[in-house]
Amino acid sequence: MEFKPTIFALSVLGFVSTAASATITGTSSVSATFNTTIEAGTCSAQVQNASGSPVSQINFGDVFKSDLANKTREEAFKIAFTGCAGVSSAAIRATTGAGGSCSSASSLNFGANNNTAFELWNGDSATGTQLSCKSPQTETVTISSGTATYNLSSRVVVADGKTVADVTTGSVTSPVTFLVTYQ
């Protein structure tokens, strides 16, 4: 019997070709599900005096009736935002705090005891904008590199509808709450 190497080689090549063709077929598509939690950005906010020290009260020290009449007692302070993540701005509104009220029903001023009131200003009273107690407006602060500062000032004055003669001596307070919405 004579062996024919050509026929054997062709039949081996046919088998290899069929086996290679079977391993090339694969998955025609894949899928994935993406999950995340959307978080509101936030910052740490702190009321600070003009020197940058944290405070919960803006201290005017002793104020004289002539200071009230002349509107000369003004104290600068600020709201400092730090550690901001995922935030590009903060919207701020000043409202009366717990137990507080406006100086009168239509007043810009925040009411206080002893026939006095406090004006609240974005910036200072000479160049800034007075904030309204009756119709609180929203001020927007741009946050850059995770920080921002909102400069304010307050001026103690005679209450609406009163005169300096109506003012009585003693401790004077006016609670104000700043509502902050991060954007």
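Using mature numbering (1 follows the signal peptide of the UniProt record, and there is no 0), the letters of the sequence shown map in sequence onto residues -22 to -1, 1 to 161.
The C-beta atom is built at its ideal place from N, Cα and C for all residues, glycine as well.
In this text, all values refer to a predicted model and were calculated from it rather than measured experimentally.
Where residue i falls, given that 16 or more other Cβ within 10 Å makes a residue buried
i, result
"Phe88", "buried"
"Val33", "exposed"
"Thr147", "exposed"
"Glu12", "The displayed chain sequence assigns Phe, not Glu, to residue 12. Its Cβ having fewer than 16 others within 10 Å, Phe12 is exposed."
"Phe(-15)", "Residue placement at Phe(-15) is poorly supported in this model, since its pLDDT is 44, which falls under 50; the coordinates are not used for a value here."
"Ser17", "Sequence check: residue 17 is Glu here, not Ser. Looking at its Cβ environment, which holds fewer than 16 other Cβ atoms inside 10 Å, Glu17 is exposed."
"Val145", "buried"
"Gln161", "exposed"
"Phe156", "buried"
"Val134", "buried"
"Asn93", "buried"
"Thr159", "exposed"
"Val136", "buried"
"Ala143", "exposed"
"Ser132", "buried"
"Ala104", "exposed"
"Ala95", "buried"
"Phe42", "exposed"
Top-ranked residue by Cα proximity to residue i, from the options
i, options, result
"Thr20", "Thr147, Thr151, Asp138, Ile121", "Ile121"
"Gly124", "Ala137, Gly78, Ile36, Ala23", "Ala23"
"Thr50", "Tyr160, Asp102, Phe59", "Asp102"
"Lys56", "Ala69, Ser44, Ser31", "Ser31"
"Ser44", "Thr141, Asn100, Thr116", "Thr141"
"Ser29", "Thr15, Glu53, Ser7", "Glu53"
"Tyr128", "Ser7, Ala72, Ser110", "Ala72"
"Thr118", "Ala69, Thr5, Ser132", "Ala69"
"Ser113", "Phe96, Ala126, Leu86", "Leu86"
"Ala126", "Asn37, Gln108, Cys111, Val25", "Val25"
"Ile36", "Leu98, Thr14, Ala10, Thr3", "Leu98"
"Asp138", "Thr14, Ala47, Ser7", "Ala47"
In DSSP terms, what residue i is bridged to
i, result
"Phe88", "Cys80, Phe96"
"Pro32", "Gln26"
"Glu117", "Ile70"
"Ser122", "Thr125"
"Arg133", "Glu52, Glu97"
"Ala143", "In DSSP, Ala143 forms no bridge with anything."
"Ala58", "Gln24, Thr127"
"Leu109", "Leu98"
"Phe38", "BP columns for Phe38 are empty, so no partner."
"Leu46", "Leu46 is not bridged to any residue."
"Ala63", "Thr20"
Test: residue i CB closer than 8 Å to a CB of chain D
i, result
"Thr146", "In the structure shown, chain D does not exist; there is a single protein chain."
Rounded Cβ spacing between residue i and residue j (contact assumed at less than 8 Å)
i, j, result
"Ala76", "Ser152", "In fact, because the Cβ distance is near 12 Å, the residues do not count as touching under 8 Å."
"Gly39", "Val154", "Rounded, the Cβ-Cβ distance is 19 Å, inconsistent with contact."
Between the segment 80 to 98 and the segment 54 to 66, do three or more beta carbon pairs fall short of 8 Å? no
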